[in-house]
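In the UniProt record's numbering, the protein residues as written are 1 to 99. Heads up, the beta-carbon is just placed ideally off N, CA and C, and yes, glycines get one too.
Shown next, in the form of structure tokens:
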């Protein structure tokens, strides 16, 4: 998978941005959403989200579905660093990947 955000922002830039955001919004999780390059779903209009830390993965998936306007009959998969999250809350799977 190629991730445009990672290609256009260095690790240091991402780390610095994440630290600033977490200092300003301690109860939110910064999340970058990108579609897979081979995906047939429409691209999302917004790629950066500040998600409340008590939001479930299912709730976040609903938000994503609404933003890209796809029906519930179409499959939508969420991956975090090539893995599907095995937890209920956004803040639990992001803690492994935060700076």
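DSSP bridge partner residues for residue i (one or two, in chain order)
| i | result |
| --- | --- |
| residue 56 | 89 |
| residue 28 | 52 |
| residue 80 | 83 |
Cβ shell of residue i (< 8 Å), same chain only, five flanking positions each side left out
| i | result |
| --- | --- |
| residue 25 | 50 |
| residue 17 | 9, 30 |
| residue 41 | 35, 68, 70, 74, 76 |
Residue range of the unbroken alpha helix (DSSP H) whose run includes residue i
| i | result |
| --- | --- |
| residue 14 | 11-24 |
| residue 181 | Because the chain spans 1 through 99 in this model, residue 181 falls outside it and cannot be assessed. |
| residue 7 | 4-8 |
For residue j and residue i, believed in contact at Cβ under 8 Å, the rounded distance
| i | j | result |
| --- | --- | --- |
| residue 44 | residue 64 | 7 Å |
| residue 52 | residue 83 | Wrong, their Cβ atoms sit about 22 Å apart, outside the cutoff. |
| residue 56 | residue 88 | 5 Å |
| residue 22 | residue 32 | Rounded, the Cβ-Cβ distance is 14 Å, inconsistent with contact. |
Contacts around residue i, its chain only, beta-carbon distance under 7 Å, and the 5 residues preceding and following it disregarded
| i | result |
| --- | --- |
| residue 46 | 67 |
| residue 61 | 76, 78 |
| residue 54 | 89 |
| residue 13 | none |
Contact test: residue i Cβ vs the ligand SAH heavy atom, cutoff 7 Å
| i | result |
| --- | --- |
| residue 78 | With respect to the ligand SAH, the structure offers nothing, as it holds no ligand at all. |
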